[in-house]
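Everything in the sequence shown is counted per my numbering, starting at 125 for the first residue and increasing by one.
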Amino acid sequence: MTYQVLYIFGYIEPFLLSECIEKEKKGMNGSLIDNLKKMMDYGMLGVYRRKQLIDEHSDIKTVPALIKACSIGAWLNRMYRLFDKDGNGILPQIESELFHMFEHPVAEMIDRLPEPYRTQATSGVTYYGTDELIDDGDNDIIITEDGYRVLEINAIAAAKDKAEQMNEYDEYNIYQNMNENNYVDKRQFIISGDNDYISVQDLIVDADKRRFKENYPELFQLVYKRNERTDLYRCYHCGMILKERKVGDFSCVSKECNRYLDKKIKMDTTAGWIMRDVVVQSIRYPGQLELKIKDVLEKAIEKGTVKSYDIWPGKWEGTNDTWDFRVYMSDGSILLLDAKNVTNLYWIINDKREYMDGAKFWYVVPDSKEKRYVDIINENIAYDGIAGCLKVRELKKMLGVK
Ligand SMILES: [Zn+2]
């Protein structure tokens, strides 16, 4: 299990920790809750960075964000006397404890806090009640959708604290960069099937790939890294590039695909750039479902049931991505659609979503989901009557598309 690897890599020398606590003391302002949130943000950023380092087989052992998170935890334990009956700190002080905390519902950690901090944390920590913020299913540490959203929401606050290296913020920087301008153009490029690998040759013969690199040089650097792998394969089932965890051990980001692994497709690999795992995980992979929905909407326009649609529109002028699609129906009504391909239906049931007066909101899930999955969501969804869940094939039917 990767967790053990992380532990070996990631312990913090005790002397370093006490130094960090001293540093923390000087810079520490704000309430327990503010600092608790900061600890969790840094913790999640650090998990990301740790995973990147493992994927890149890097020799770097120190992840500043994890040290920062642990030193905040240790400092808060002392400052607020947060110890359990055996005298152990309640908040994580070393990396393995931090991972342990994230592997459980955050509520469990909060429940262990003494009063009045428990009450404060319950009302003050917005991700109270979320399930695990990281998921190490399939030996792979990933940030869950909720964890990712927490990071996104807190990105700006965290970035103000310039104590950390910028590495941890690459993921934010991608979103920040996309948000600066041409969001749709940038995102569409990333999700379109054949841009997860760009060869030097492509930049000569393929005008679209060249345009992306020339128009968005910073984003290009954030999204891609130089390819150093010699054996690259595409997934037979979905077309994404397979990850290679150990030599010869391939898998697809999409867990559904792993039964087709023996049919993997060998790629020609001349010198070039490969999409970073974090981008594949957070943009390219969910993009598959978005593209399917887009295809349905295009057909619905031909059919005449849909007049037009926006992709990733923001609720307010100058913002992006409040919803995946805003669909203007020919009968004058408006539908909002959000593509969701998540294993745990909790993320859909408890999704806090912006709605639009008079518009019906649909979570659209892959056809491969069980009927029961959709039924449970529809029975439990928080915004009864406004929001609902359906599969792509039901969306087709609703829009009169074959
Ligand atoms: Zn696949």
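Cβ coordinates follow ideal geometry from the N, Cα and C atoms, glycine included. Computed from a predicted model, the values in this text were never measured in an experiment.
With the cut-off set at 8 Å, would you say residue i and residue j are in Cβ contact?
| i | j | result |
| --- | --- | --- |
| L342 | S492 | Note that residue 342 corresponds to Glu in the displayed sequence, not to Leu. Not in contact: E342 and S492 (Cβ atoms no closer than 8 Å). |
| E516 | K427 | The question names Glu, but residue 516 is Val in the sequence shown. In this structure, K427 does not lie closer than 8 Å to V516 by Cβ. |
| K464 | V488 | yes |
| Y348 | I315 | no |
| I501 | A483 | no |
| L190 | G170 | yes |
| G213 | A193 | no |
| I398 | D320 | yes |
| V394 | T354 | For clarity, residue 394 is Thr in the given sequence; the question names Val instead. No, they are not a contact pair. |
| V187 | R202 | no |
| K476 | S454 | no |
| M163 | G211 | no |
| N303 | N444 | yes |
| I373 | E414 | It should be pointed out that residue 373 corresponds to Asp in this sequence rather than to Ile. Not in contact: D373 and E414 (Cβ atoms no closer than 8 Å). |
| V249 | L356 | no |
Within the same chain, show all residues whose beta-carbon is closer than 8 Å to that of residue i, passing over the 5 residues directly before and after it, in chain order.
| i | result |
| --- | --- |
| Y409 | M364, V377, S378 and N465 |
| D158 | none |
| E269 | V466 and W471 |
| L115 | Any answer about residue 115 is impossible in this case: the structure gives the chain only from 125 up to 526. |
| Y479 | L460, F485, Y507, I510 and A511 |
| I258 | M168, V171, F223, F226, E227, I265, I266, I267, T268 and G271 |
| Q128 | In this prediction, Q128 scores a pLDDT of 32, lower than 50, which makes its location untrustworthy; the coordinate-derived value is nonetheless stated afterwards. Nothing meets the Cβ criterion. |
Which class does residue i belong to by DSSP, given the choice of helix, strand or coil?
| i | result |
| --- | --- |
| A198 | helix |
| G512 | strand |
| E518 | helix |
| D165 | helix |
| Y360 | coil |
| Y241 | helix |
| Y384 | helix |
| V525 | coil |
| G211 | coil |
| K337 | helix |
| K379 | helix |
| K493 | coil |
| I218 | coil |
| E256 | coil |
| D373 | strand |
| E503 | helix |
| K476 | coil |
| V78 | Residue 78 cannot be examined here, being either before or after the span of the chain that is shown, 125 to 526. |
| A282 | The predicted model places A282 with a pLDDT of 45, which falls under 50 and marks its position as unreliable; any figure quoted below should be read in that light. Reduced to three states, the DSSP call for A282 is helix. |
| E227 | coil |
| I184 | coil |
| E352 | coil |
| Y172 | helix |
Enumerate in chain order the residues of its own chain whose CB-to-CB distance from residue i is below 6 Å, with the five nearest sequence positions on each side excluded.
| i | result |
| --- | --- |
| H361 | C381 and Y384 |
| A511 | F485 and I505 |
| I298 | L346 |
| K423 | V525 |
| N474 | none |
| G411 | I315 |
What's the gap between the Cα of residue i and the Cα of residue j?
| i | j | result |
| --- | --- | --- |
| F344 | K337 | 6 Å |
| P229 | G271 | 11 Å |
| N301 | K439 | 19 Å |
| G471 | S155 | The amino acid at residue 471 is misidentified as Gly; the sequence shows Trp. Cα to Cα, W471 sits roughly 29 Å from S155. |
| F226 | D235 | 14 Å |
| I407 | F207 | 40 Å |
| L523 | L460 | 13 Å |
| L519 | Y307 | 26 Å |
| R334 | Y340 | 10 Å |
| Y452 | E239 | 51 Å |
| Y497 | I328 | 47 Å |
| K175 | Q244 | 32 Å |
| D386 | L366 | 12 Å |
| V371 | I178 | 14 Å |
| E292 | L421 | For E292, the predicted model reports a pLDDT of 44, less than 50, meaning its position is unreliable and no value from the coordinates is stated. |
| E352 | K416 | 31 Å |
| D326 | Q312 | 18 Å |
| C359 | D332 | 23 Å |
| P216 | E232 | 13 Å |
| Q405 | T446 | 19 Å |
Under 7 Å Cβ to Cβ from residue i, same chain only, skipping five residues before and after it: list those, please.
| i | result |
| --- | --- |
| K418 | I435 |
| Y204 | L156 and Y241 |
| V403 | I298, I314 and V347 |
| D309 | none |
| M290 | Unreliable placement is indicated for M290, whose pLDDT of 36 sits below 50; no coordinate value is reported for it. |
| R450 | Y433, D434, P437, I458 and L460 |
| R400 | V347, Y348 and K349 |
Any heavy atom of ligand 2 closer than 7 Å to the beta-carbon of residue i?
| i | result |
| --- | --- |
| S492 | No copy of ligand 2 appears in this structure; the ligands present are ligand 1. |
### Message
Going residue by residue through the segment 387-471, where are the continuous alpha helix (DSSP H) segments of at least 4 residues, counting only ones entirely within it?
### Response
409-427
### Query
In chain order, which beta strand (DSSP E) runs of at least 3 residues are fully inside the segment 292-332?
321-323
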